[in-house]
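The numbering of the sequence shown is the working numbering, which starts it at -12 and goes up by one. We put the CB at the ideal spot given by N, CA and C, even for glycine. Model, not experiment: these values are computed from the prediction. Beneath this line is the structure, given in structure tokens, with notes to follow.
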Amino acid sequence: MVVYAENVFPHKLYASDIQNLSLNIALLSIFYAFLGGVVSFVFHYLFDEFDDSWKKKSDAFQLFDIAVEVSLLALIAFWTVFTINTSAPIFPVRHHMAAFVDTYTSGMFFIYAIFLFMNDLGEKLKYTYEKYMDTPFKKMVPTVGSILDLSLRFPASKTDS
-12 MVVYAENVFP
-2 HKLYASDIQN
8 LSLNIALLSI
18 FYAFLGGVVS
28 FVFHYLFDEF
38 DDSWKKKSDA
48 FQLFDIAVEV
58 SLLALIAFWT
68 VFTINTSAPI
78 FPVRHHMAAF
88 VDTYTSGMFF
98 IYAIFLFMND
108 LGEKLKYTYE
118 KYMDTPFKKM
128 VPTVGSILDL
138 SLRFPASKTD
148 S
């Protein structure tokens, strides 16, 4: 088992590696949470709220609104991660450890913080999916019962009564 572990990660970890890597991850988590919160807060005021007036706007406007929000989020996330990954760590780590500085753990805080003030985007997406996808999906996917107790089925048609 030890031989296998050495083949997966052949470098010995020292206390300084663990300390500096942990400090970098902690600082990046704080940075990502702050950045995500700021982006979320700005988007909250920048884009239309999900309300009855938004629902009354044209389909093209609704789809464009969602597309712009999602695209900007993706671009901000990509270029932030790109910049972090191509920058030197704040606390020095050995070269082979640098790839571990920006981890899933630190990025998770960005994802969490992004949605602090962006409930409207989620509601817009749900509304749009229901508006365009509900009818076709109800024809393809059983909607009555539960998959867990194996009672999932299509609803009885009106002619079956």
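Expected contact under 8 Å - CB spacing of residue i and residue j to nearest Å
| i | j | result |
| --- | --- | --- |
| Arg140 | Pro123 | Rounded, the Cβ-Cβ distance is 18 Å, inconsistent with contact. |
Cut-off 8 Å between Cβ atoms - residues of its own chain near residue i, not counting five sequence neighbours on either side
| i | result |
| --- | --- |
| Thr115 | Gln49, Leu50, Ile53 |
| Ser133 | Leu139 |
Beta carbon of residue i nearer than 8 Å to that of residue j
| i | j | result |
| --- | --- | --- |
| Glu110 | Phe37 | yes |
| Val88 | Asn11 | yes |
| Gly162 | Tyr1 | For residue 162 there is no data in the structure shown, the boundaries of the chain being -12 and 148. |
| Ser16 | Thr92 | yes |
| Leu108 | Glu56 | yes |
Sequence-distant residues of its chain with Cβ nearer than 6 Å to residue i (five each side left out)
| i | result |
| --- | --- |
| Phe104 | Ser27, Phe28, His31 |
| Gly23 | Phe97, Ala100, Ile101 |
| Ala(-8) | Unreliable positioning characterises Ala(-8) in this predicted model, as indicated by a pLDDT of 48, which lies under 50. The coordinate reading is nonetheless provided below. Result list for Ala(-8): empty, nothing under 6 Å. |
| Ile71 | Asp89 |
Cβ shell of residue i (< 7 Å), same chain only, five flanking positions each side left out
| i | result |
| --- | --- |
| Met84 | Asp4, Leu8 |
| Thr67 | Leu22 |
| Ile77 | Asn11, Leu14 |
| Asp35 | Trp41, Asp52 |
| Pro79 | Asn7 |
| Asn106 | none |
Strand pairing of residue i, partner residues [DSSP]
| i | result |
| --- | --- |
| Val131 | Arg140 |
Span separating the alpha-carbon of residue i from that of residue j
| i | j | result |
| --- | --- | --- |
| Gln6 | Lys126 | 55 Å |
| Leu60 | Ala47 | 20 Å |
| His82 | His(-2) | 11 Å |
| Val25 | Leu62 | 15 Å |
| Lys113 | Ala64 | 22 Å |
Any chain C beta carbon closer than 8 Å to residue i
| i | result |
| --- | --- |
| Lys43 | Absence of chain C from the displayed structure is noted, only one protein chain being present. |
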